[in-house]
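Inspection log for the structure reproduced underneath, given as structure tokens.
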Amino acid sequence: MSRLHETFAAARAENRAALVGYLPAGFPDVDGAIDAIRVMVENGVDIVEIGLPYSDPLMDGPTIQAAAEAALRGGVTTSLVLKTVEAVAATGAPTLVMTYWSPVERYGVERFATDLAAAGGVGVITPDLTPEEAGPWIAATDAAGLDRVFLVAPSSTEERIGVVCGITTGFVYAASLMGVTGVASVSAAAPALVARTRPHTSLPVAVGLGVTTAEQAADVAAYADGVIVGSAFVRRLLDAPTRAEGIASVGRLAAELAQGVRRR
Numbered sequence: 025m026s027r028l029h030e031t032f033a034a035a036r037a038e039n040r041a042a043l044v045g046y047l048p049a050g051f052p053d054v055d056g057a058i059d060a061i062r063v064m065v066e067n068g069v070d071i072v073e074i075g076l077p078y079s080d081p082l083m084d085g086p087t088i089q090a091a092a093e094a095a096l097r098g099g100v101t102t103s104l105v106l107k108t109v110e111a112v113a114a115t116g117a118p119t120l121v122m123t124y125w126s127p128v129e130r131y132g133v134e135r136f137a138t139d140l141a142a143a144g145g146v147g148v149i150t151p152d153l154t155p156e157e158a159g160p161w162i163a164a165t166d167a168a169g170l171d172r173v174f175l176v177a178p179s180s181t182e183e184r185i186g187v188v189c190g191i192t193t194g195f196v197y198a199a200s201l202m203g204v205t206g207v208a209s210v211s212a213a214a215p216a217l218v219a220r221t222r223p224h225t226s227l228p229v230a231v232g233l234g235v236t237t238a239e240q241a242a243d244v245a246a247y248a249d250g251v252i253v254g255s256a257f258v259r260r261l262l263d264a265p266t267r268a269e270g271i272a273s274v275g276r277l278a279a280e281l282a283q284g285v286r287r288r
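Heads up, the sequence shown is in this note's numbering, so the first residue is 25 and it goes up one at a time.
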């Protein structure tokens, strides 16, 4: 049983959904990101996604784009992302990387998987890697003992959901809407998407895109195994007058969301 399986099982035993928190590495700076993620974990985030900043994101809305651009201007590299993973994994929280495929190819597919596992990472979310092109990645993650998380969306056909679930491990990421992060609330299509996904897999199904409040987290936790929050955390750092105040605000939001996933 992988660390992700154990974490989702523990949350299920408490009759709640798992809380998954996202922040990009290197924002507001490398140490600041590590401190903010540690505070997230201390305040109830069960699973951490660390974003690998990329110059040409497809899924990220303006909030995460602003953070990623700042991180890139600050000089964050894939090696520093892996150092961030190592520091965060030391908290005990299962730690994944969310990355577009191009940086993985540029770093080296097998090398990325091996180095991530060595840093203590447990898996990778690849929003733009299609199942048809995932052969080398499947081999690399199997060899490194990493979970690989693929996405389904409201537009996914039954056949496509089956294909995605067939190669996904850890959990299935259900994108609640057709669009980018941080610009809308959870789509009304999300419950149906989760229901359509379940017959294809025994894996947990976690919903992302559009969750910003404890109330929304509670709503999603009523039908999903995991609630994924990213832009709301990033916004707390962007809007804070100082880094310390931003990190404190991230902690308060994590605590609120942790209460939300326990209301179902």
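For every residue, glycine included, the Cβ atom is placed at its ideal position computed from N, Cα and C.
Check, Outcome
"Those residues which DSSP pairs with Glu-73 across a bridge", "Tyr-46 and Leu-120"
"Euclidean distance between Cα positions of Val-235 and Val-251", "8 Å"
"Spatially closest choice to Phe-22 from Val-105, Thr-221, Thr-31 and Ala-92, by CA coordinates", "Since the first residue of the chain shown is 25 and the last is 288, residue 22 is not available in this structure."
"Per DSSP, the bridge partner or partners of Tyr-197", "Leu-175 and Ala-230"
"Start-end ranges of the beta strand (DSSP E) lying completely within the region 94-173, minimum 3 residues", "119-122, 147-149 and 171-173"
"Opening and closing residue of the beta strand (DSSP E) in which Val-274 lies", "Unbroken run through Val-274 is the alpha helix (DSSP H), 267-284; no beta strand (DSSP E)."
"Residue range of the unbroken alpha helix (DSSP H) whose run includes Val-63", "54-66"
"Exposure label - Gly-159; buried when at least 16 CB within 10 Å", "exposed"
"Beta-ladder partner(s) of Val-251, from DSSP", "Leu-43 and Val-231"
"Cβ-based burial, Glu-157 [other Cβ within 10 Å; buried from 16]", "exposed"
"Neighbour-count burial assignment, Pro-228, 16 or more Cβ in a 10 Å radius", "buried"
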